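K.L.:
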Amino acid sequence: MLTRIKTLRPTYAVIDLPSYSHNISIAQHLSGRGEVMAIVKANGYGHGADRLAEYIMKKNGIKNFGVATISEAVKLREVLGNDVNITVMGYIDKNFYPEVYENNIILTVFDYYIAETYHKFLQEKDTNANVVIKLETGMNRLGFNTDNFDICGFMEKYDRFEISMFMTHLSSSDTDFEYTNLQMKRFDDFMHKNRLDYPTSVFNSSAVVNFRNKYTYTRPGIMTYGYVYADYEVDLKPVMRIYSKIVQIKCIKKGESVSYNRTFYALRDMTIGVIPVGYADGYFRCFSNRGHVYIDGYRCPVIGNICMDIMMVDITELPESSYSSDVELMGEHVTAEMWAEWAGSISYEMLCAISERIPRVYNSD
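Residue 1 is where the sequence shown starts when you use the UniProt record's numbering, and the numbers rise one by one after that.
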């Protein structure tokens, strides 16, 4: 079966579960007395949320998971069973409150409309439910503004809510430490002013590595997949590697063009390799004439426009004995951060964009 997956196209991703567990362990250590809520939204940043969550639940004792949508939460509940907490940090439409209730999902309340509609649902069910209260401290995305949020009146009115934690989200813990400290102060002042003795969660990945945690839960995401922006070296291991094969070799003459719109012209006689991966797989078209792959330690530039399913690379300097070797698209020599640099983006987007068309092979050794 493994051989069939690897030769299917033959482009595939290897997901190293021990590396993910290793990164989780680092997050646990840096969280101090805080407990890790593993962020596995967006299908575990493209790695496969179910397999990752199940692995660290057993290996690292993780009992708290964060996702973005109700569909992600329900799927995770089916895999992990009822002994873990699953929090949806994003919006859930009232039409899906039955799924929230039936699957024991923790809903995040970040405005009065959600509070009103979810509380009404709970009243009709004659039951209570755990919720997270999201506070706005400077991200200006989701949450009640700490300047004018009457939490005491809120708790009195919405008495069906069992508050499992208060959280906020840091906007710039990787780039602006002064602003990050201001956000933490706003959160702390709100909790202190209202004499709220509840679990708290503030830190994302960059905060985990750049600040000392004092909150109940941390919410590391990108660092658990092997990448983070920090002022020092953090011993993280990238979890995903992507490989392919050369499926055709062409010899072209000086002056000939390659691929759509003829954006590349050969400055000499060249040998090119055709590789079955393209922008429909998450290998972005903007990598055209900019990116590179590695084959047996040889750096081979991408030439011409990347197509939907196929791209071409310069293998003129590659020994013929390496023509059948694996093509490293992402791995030891080519990182998600390099992809991000080519795209003018961030590693998060690169990982999340890897299409399901690329099969994942899971290594658990």
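Where a beta carbon is used, it is the ideal one built from N, C-alpha and C, also for glycine.
Keep in mind that this is a model prediction, so the values were computed, not measured.
List the endpoints of the continuous beta strand (DSSP E) containing residue 241.
P.N.:
Position 241 of the sequence shown, counted from the start, is the residue given in the question as residue 241. It spans 240 to 244 - the beta strand (DSSP E) in which residue 241 sits, taken as one unbroken run.
K.L.:
Please report the straight-line C-alpha distance between residue 317 and residue 283, rounded to a whole angstrom.
P.N.:
Here residue 317 refers to the residue found at position 317 of the sequence shown. Here residue 283 refers to the residue found at position 283 of the sequence shown. Those two C-alpha atoms are separated by around 23 Å.
K.L.:
Kindly provide the ranges of any beta strand (DSSP E) runs that are 3 or more residues long and lie completely inside the region 27 to 68, ordered along the chain.
P.N.:
35 to 39 and 64 to 67
K.L.:
Rounded to the nearest angstrom, what separates residue 356 and residue 241 at their Cα positions?
P.N.:
Numbered from its first residue, the sequence shown carries residue 356 at position 356. Numbered from its first residue, the sequence shown carries residue 241 at position 241. Put simply, the backbone Cα of residue 356 is about 14 Å away from that of residue 241.
K.L.:
Would residue 107 and residue 88 be called neighbours here (beta carbons separated by less than 8 Å)?
P.N.:
Residue numbering aside, residue 107 sits at position 107 when the sequence shown is read from its first letter. Residue numbering aside, residue 88 sits at position 88 when the sequence shown is read from its first letter. Taking 8 Å as the Cβ cut-off, residue 107 and residue 88 qualify as a contacting pair.
K.L.:
Could you have a look at residue 314 and say whether DSSP puts it in helix, strand or coil?
P.N.:
Here residue 314 is taken as the residue at index 314 of the sequence shown, counted from 1. Residue state, collapsed to three classes: strand.
K.L.:
Please go through the same chain and pick out, in chain order, the residues whose beta-carbon is closer than 6 Å to the beta-carbon of residue 50, but skip the five residues on each side of it.
P.N.:
As a working mapping, residue 50 is identified with position 50 in the sequence shown. Same-chain partners within the cutoff: 79.
K.L.:
So, is residue 47 buried or exposed, given that buried needs 16 or more other C-beta atoms within 10 angstroms?
P.N.:
One-based indexing of the sequence shown puts residue 47 at position 47. With 16 or more Cβ atoms within 10 Å of its Cβ, residue 47 is classed as buried.
K.L.:
Quick one: Cα of residue 45 to Cα of residue 333, how far?
P.N.:
What you label residue 45 is simply residue 45 of the sequence shown in a count that begins at 1. What you label residue 333 is simply residue 333 of the sequence shown in a count that begins at 1. If you take the alpha carbons of residue 45 and residue 333, they lie about 21 Å apart.
K.L.:
So, is residue 235 buried or exposed, given that buried needs 16 or more other C-beta atoms within 10 angstroms?
P.N.:
Residue numbering aside, residue 235 sits at position 235 when the sequence shown is read from its first letter. Result: exposed.
K.L.:
Are the region 173 to 189 and the region 150 to 163 in contact at 8 Å, needing three or more beta carbon pairs?
P.N.:
no
K.L.:
Counting along the chain, where does the alpha helix (DSSP H) carrying residue 137 start and finish?
P.N.:
Against the sequence shown, residue 137 aligns to sequence position 137. For residue 137, no alpha helix (DSSP H) segment is defined, and its DSSP state is neither H nor E.
K.L.:
Can you tell which of 347, 301 and 274 has the C-alpha that lies nearest to the C-alpha of residue 308?
P.N.:
For this step, residue 308 is matched to residue 308 along the sequence shown. That would be 274, whose Cα lies nearest to the Cα of residue 308.
K.L.:
Can you tell me where the alpha helix (DSSP H) with residue 121 in it begins and where it stops?
P.N.:
Here residue 121 corresponds to residue number 121 of the sequence shown, with the count starting at 1. Residue 121 -> alpha helix (DSSP H) spans 112 to 125.
K.L.:
Is it buried or exposed, residue 17, if we count other Cβ atoms within 10 angstroms and call 16 or more buried?
P.N.:
Residue numbering aside, residue 17 sits at position 17 when the sequence shown is read from its first letter. Buried: at least 16 other Cβ atoms inside 10 Å.
K.L.:
Decide if the region 22 to 38 is in contact with the region 214 to 225; the criterion is three or more beta carbon pairs, one per stretch, under 8 Å apart.
P.N.:
yes
K.L.:
Could you tell me which uninterrupted beta strand (DSSP E) segments, each at least 3 residues in length, are contained entirely in the region 146 to 229, listed from first to last along the chain?
P.N.:
Within the region 146 to 229, the runs of beta strand (DSSP E) at least 3 residues long that lie entirely inside it are, in chain order, 161 to 167.
K.L.:
Tell me whether residue 168 is buried or exposed, calling it buried when 16 or more other Cβ atoms sit within 10 Å of its Cβ.
P.N.:
Stepping through the sequence shown from its first residue, residue 168 is reached at position 168. Flag for residue 168 reads buried.
K.L.:
Which of helix, strand or coil does DSSP assign to residue 22?
P.N.:
On the sequence shown, position 22 is the one that residue 22 refers to. Helix, per DSSP.
K.L.:
Below 8 Å CB to CB, which residues in the same chain sit around residue 131 once its five sequence neighbours on both sides are set aside?
P.N.:
Taking the first residue of the sequence shown as position 1, residue 131 is located at position 131. Taken in chain order, the residues that qualify are 106, 107, 108, 109, 118, 161, 162, 163 and 164.
K.L.:
Skipping 5 residues on each side, what residues in its chain have a beta carbon closer than 6 Å to that of residue 251?
P.N.:
Locating residue 251 in the sequence shown gives position 251, counting from the first residue. Answer for residue 251: 271, listed in chain order.
K.L.:
Just grab the DSSP bridge partners of residue 129 for me.
P.N.:
The residue given as residue 129 occupies position 129 in the sequence shown. Looking at the DSSP assignment, residue 129 forms a beta bridge with 161.
K.L.:
With 16 as the cutoff for other CB atoms within 10 Å, does residue 249 come out buried or exposed?
P.N.:
Working through the sequence shown from its first residue, we reach residue 249 at position 249. The residue in question, residue 249, is exposed, as its Cβ has fewer than 16 Cβ neighbours within 10 Å.
K.L.:
What span of residues does the alpha helix (DSSP H) with residue 77 cover, start to end?
P.N.:
By one-based count along the sequence shown, residue 77 stands at place 77. Note, residue 77: alpha helix (DSSP H), 70 to 80.
K.L.:
Once you ignore the five residues that flank residue 123 on each side, which residues in its own chain have a CB closer than 7 Å to its CB?
P.N.:
As a first step, residue 123 is located in the sequence shown; it is residue number 123 there, counting from the start. Only 160 meet the Cβ criterion.
K.L.:
Less than 6 Å between C-beta atoms, sequence neighbours within five positions excluded: which residues of the same chain meet that for residue 151?
P.N.:
Within the sequence shown, numbered from 1, the residue matching residue 151 stands at position 151. Taken in chain order, the residues that qualify are 194.
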